[in-house]
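Please read the structure below before turning to the comments.
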Amino acid sequence: MSLIKQLWLTIVVLLLLAFGGSLFIGVTSSRHYMQQEVQIKNADNANALALTLSQLDKDPVTIGLLIAAQFDTGHYRLIELRDPEGQVIDLRQGGETVEGAPGWFVDLVRFDVPPGRAVVQDGWRQYGTLTVATHHSFAYQSLWRSTLELFGWFALAGTISLALAAWIVRTIRRPLRAVVAQARDIGNRRFTTSPEPRTRELKEVVQAMNQLSGSVRDMLGRESERLDVLRQRLQHDTVTGVLNREAFLGQLKVMMESSGARASGSLALVRLARLGEVSEQLGHADTDDLLRSLGQTLEQLGTLRGGGIAGRLGGGDFALLLPGAVDLQAFGQELTQRLQPLQQQEERIKLGLPSALIAYSQEDRPASLLASLDGALATAENRGDLAQLIAEGPQRLPLFNSHADWRKALQEALQAGVYLGRFPVLDANGKLLHLECPSRLRLKGEWRPAGVFMPWISRLELDTALDMAVARETIKEIARHGKPLGINLSPASVRNARFVLDLRNLLQSQRDSAEKLWLEVPESMVIHDLESFRSLCRELQPFGCKVGLEHVGREFRRISDLQDLGLSYLKIDASLVKGVDRSPEQQTILRGMATLCHSIGILAIAEGVDSLQEGELLYELGMDGVTGPGVRQHDKPA
3 MSLIKQLWLT IVVLLLLAFG GSLFIGVTSS RHYMQQEVQI KNADNANALA
53 LTLSQLDKDP VTIGLLIAAQ FDTGHYRLIE LRDPEGQVID LRQGGETVEG
103 APGWFVDLVR FDVPPGRAVV QDGWRQYGTL TVATHHSFAY QSLWRSTLEL
153 FGWFALAGTI SLALAAWIVR TIRRPLRAVV AQARDIGNRR FTTSPEPRTR
203 ELKEVVQAMN QLSGSVRDML GRESERLDVL RQRLQHDTVT GVLNREAFLG
253 QLKVMMESSG ARASGSLALV RLARLGEVSE QLGHADTDDL LRSLGQTLEQ
303 LGTLRGGGIA GRLGGGDFAL LLPGAVDLQA FGQELTQRLQ PLQQQEERIK
353 LGLPSALIAY SQEDRPASLL ASLDGALATA ENRGDLAQLI AEGPQRLPLF
403 NSHADWRKAL QEALQAGVYL GRFPVLDANG KLLHLECPSR LRLKGEWRPA
453 GVFMPWISRL ELDTALDMAV ARETIKEIAR HGKPLGINLS PASVRNARFV
503 LDLRNLLQSQ RDSAEKLWLE VPESMVIHDL ESFRSLCREL QPFGCKVGLE
553 HVGREFRRIS DLQDLGLSYL KIDASLVKGV DRSPEQQTIL RGMATLCHSI
603 GILAIAEGVD SLQEGELLYE LGMDGVTGPG VRQHDKPA
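Note that the numbering used here has the sequence shown beginning at 3, numbered continuously upward.
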């Protein structure tokens, strides 16, 4: 039996004992009091009538009339007069009917009252003995009414007491439930904290568990910071802090090979012209400061745009990668505006900061893009200090020519239904964790990958419509085949309260299928809108679906902020995975990331795995699953 039930049972038993005992004592006291009153009445009436009879002539007729008159007016059960020898001189006796009180109550409290007796004198001689007994019906009625009133007051007091007890139990149960929930979270390696209750015993328990959670969070923070230092050393330029050439080109390759929204976007090159001359004029330290400022400017622009990545390709050449829908003209103007203060702040030398931009898509090759940008950047450098050119990429015929055409086509495609791709995520035994299901839309008679239409989906603000269509189709597929499926949610959908409510209702109606649904959002959500992501996790937690982050890398140091969200998995970005067999530093980082994930009960899954051998190494490093172009469902490590 639970503690709360035991507490309720104790309260109810105590109330029953208290009010039952009080009712018993009250009824017994009232009965005793009324018996005394009836006994006194019998004695008084007997004495009064005997005195009257003593003063009369002892004519039998006169005595009989007086006794009859007294009997008829006084509610008596019995008036009897006997001579000294015990012979009846006169007798008046009537039946007793009790009205206004139930029979069981009368039997339960039946009075035992002796009749009143008095001596009737005839001068100095005893004439006889008078016995008087009054009716008890009025006493029973009065006792029944007082019992009902007493019971009513006790019932009211009991109700108030139960209400007060319910409030007390609720005040105890609320922190107790919080303690149980926190203990369960800690058992599941989710080190949450709870507000301290006022109950001293519970307060001590919560303080101890909060201290444990705080210690774990501090440990996670220290370890994740240490891993981030290693990652920074491996992937970032030591002077500017942005990605180095190898890491940036790796990110570009990963994005262009992806099947999602990152497969298309924009790429910009910015050059600090005449770097040798600048270094001679300003000195090495000031030149490094200038390069650092340029890198920070590009990084801030990328963060502001959402998901942008800045890198230093070498010397004075910097690159900025913006995945997703980008208006090149507006992007170019904003880039020039941010470069202008940097170009004007140095008075000792005239700085040149030319730039070139190009749009990329899934069909392009990184080498071709960079070659086109290099040519455009050289031309821009010859034209002026802040000159900018938009490079021409490969000529591709657009699917649709206008916003209206794109909107109509996308809406029709969404109404017709989405198609789900299938890419396996396997564990170390070759068993399926889930199938990644990127969406496809039928446009101009062909199923197009997300890289084709996602920029327009975002530009036309159709993210929530697409995500809801994908969620419904995924739930249907799970119900049909029973396999666990994973889908992506866009940041716009996660921020949309209406979408979250609709998704919650969908999962509520399909609880069995919801348990096999894997949902993931980009790592950038942690940077830009952690509270919306926290709200999503809280809303979906009751349905058993698994929520995770994809493309995790740059913000892994914030894992200590995520340990109380109930995340099921993290997908490590392919830029940290590719080439892991050739880089001991990458292996150290991935092993540490897997260990930290396991310490808080989160699965670590590697993205972008190119071969089975690479997957085997990742399993040895502690990864729970792998996915990528080199992973097939029949693959099983030796």
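Note that beta-carbon positions come from the ideal geometry of N, C-alpha and C, so glycine has one too. Here the structure is a predicted model, which is why all the values come from computation and not from measurement.
Asked, Found
"Cβ distance (whole Å) where residue 531 is taken to contact residue 497 below 8 Å", "6 Å"
"Opposing strand residues paired with residue 607 [DSSP bridges]", "573, 627"
"Same chain, Cβ closer than 7 Å to residue 436, five either side skipped, listed in chain order", "427, 486, 487, 488, 520"
"Span of the alpha helix (DSSP H), counted from its first residue to its last, around residue 94", "Careful: residue 94 lies outside any alpha helix (DSSP H), inside the beta strand (DSSP E) at 90 to 95."
"Nearest-angstrom Cβ-Cβ length linking residue 491 and residue 523, presumed shorter than 8 Å", "5 Å"
"Validate contact between the segment 117 to 129 and the segment 47 to 55 using beta carbons, cut 8 Å, 3 pairs", "yes"
"Assigned secondary structure, residue 135 (DSSP; H/G/I helix, E/B strand, else coil)", "strand"
"Cβ-Cβ separation, residue 266 to residue 370 (assumed contact under 8 Å), whole Å", "Actually they are not in contact, since the Cβ atoms of residue 370 and residue 266 sit about 15 Å apart, beyond 8 Å."
"One or two residues paired with residue 238 in a DSSP bridge", "245"
"Assigned secondary structure, residue 126 (DSSP; H/G/I helix, E/B strand, else coil)", "coil"
"Cut-off 6 Å between Cβ atoms - residues of its own chain near residue 290, not counting five sequence neighbours on either side", "241"
"Environment of residue 483 [buried if 16+ CB atoms lie within 10 Å]", "exposed"
"Where residue 311 sits in the DSSP three-state scheme", "strand"
"Contact belief for residue 620 with residue 608 at Cβ below 8 Å, rounded distance in angstroms", "5 Å"
"Meets three-Cβ-pair contact criterion under 8 Å: the segment 378 to 387 and the segment 294 to 307", "no"
"Buried or exposed (CB count within 10 angstroms, at least 16 for buried), residue 35", "exposed"
"Closer than 9 Å to chain B by CB, residue 400", "Among the chains of the structure shown, chain B does not appear; only one protein chain is present."
"Close Cβ partners of residue 536 (< 8 Å) along its chain, the five nearest in sequence each way excluded", "567"
"Where the beta strand (DSSP E) containing residue 441 begins and where it ends", "441 to 445"
"Which residues DSSP lists as bridging residue 520, in chain order", "488, 548"
"DSSP bridge partner residues for residue 319 (one or two, in chain order)", "273, 316"
"Of the listed residues 174, 180, 102, nearest to residue 148 (C-alpha basis)", "102"
"Nearest residue (CA-CA) to residue 310, options 529, 604, 70", "529"
"Identity of the residues DSSP links to residue 83 by a beta bridge", "92, 132"
"Reference residue 17, options 84, 161, 60, 306, closest by Cα", "161"
"Cβ pair residue 515, residue 471 closer than 9 Å", "no"
"Contacts around residue 583, its chain only, beta-carbon distance under 8 Å, and the 5 residues preceding and following it disregarded", "615, 616, 619"
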